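>
In this note's numbering, the protein residues as written are 1 to 158.
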């Protein structure tokens, strides 16, 4: 089976929120659950989600490729997404990205040689007043990221 029984049970809870003929409405939740389990979304995983929800694979690919929170290729254990939209960029987001590039020795959309970190450039994360903002593994939002905070985070995640 492509996903564990535990993951399928969680997807089933998500699909139960919709009428039985609208299971495909849970596609974003199902992709998130699959990515949490697999680490990224391979074509095989997306095909499985499509079949499980009863929708065309292309519809799943469209969702997965549109939203930046989905990884369509393997990523590091710690995916760090820096908001570089204008408010964050003007409040240090660009400098935050440059600091992380230098510290990690990689650019945006790259992964460290040891597979520990992937650095992504993100669009608005909805916390402009607390810029610059960083998102860790699509789950943990970090605010007002100074170089000291970034260095402490990298040390914590090692």
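Glycine included, C-beta positions come from ideal geometry on N, C-alpha and C. Predicted, not measured: the structure shown is a model, and the values here were computed from it.
Would you tell me roughly how many angstroms separate the C-alpha atoms of residue 116 and residue 81, rounded to the nearest one?
Cα to Cα, residue 116 sits roughly 14 Å from residue 81.
> Hey, how far is the Cα of residue 106 from the Cα of residue 8?
Spanning the two alpha carbons is a distance of roughly 35 Å.
> Among the candidates 92, 30 and 24, whose CA atom is the shortest distance from the CA of residue 4?
Ranking the options by Cα distance to residue 4, first place goes to 30.
> Under DSSP, the beta strand (DSSP E) around residue 141 begins and ends at which residues?
Taken as a continuous stretch (DSSP letters only), the beta strand (DSSP E) holding residue 141 covers 140 to 142.
> Using CA atoms only, rank isn't needed, just tell me which of 100, 137 and 12 is closest to residue 148.
The residue with the shortest Cα to Cα distance from residue 148 is 100.
> What is the rounded straight-line gap between the Cα of residue 69 and the Cα of residue 158?
Taking the straight line joining both Cα atoms gives about 22 Å.
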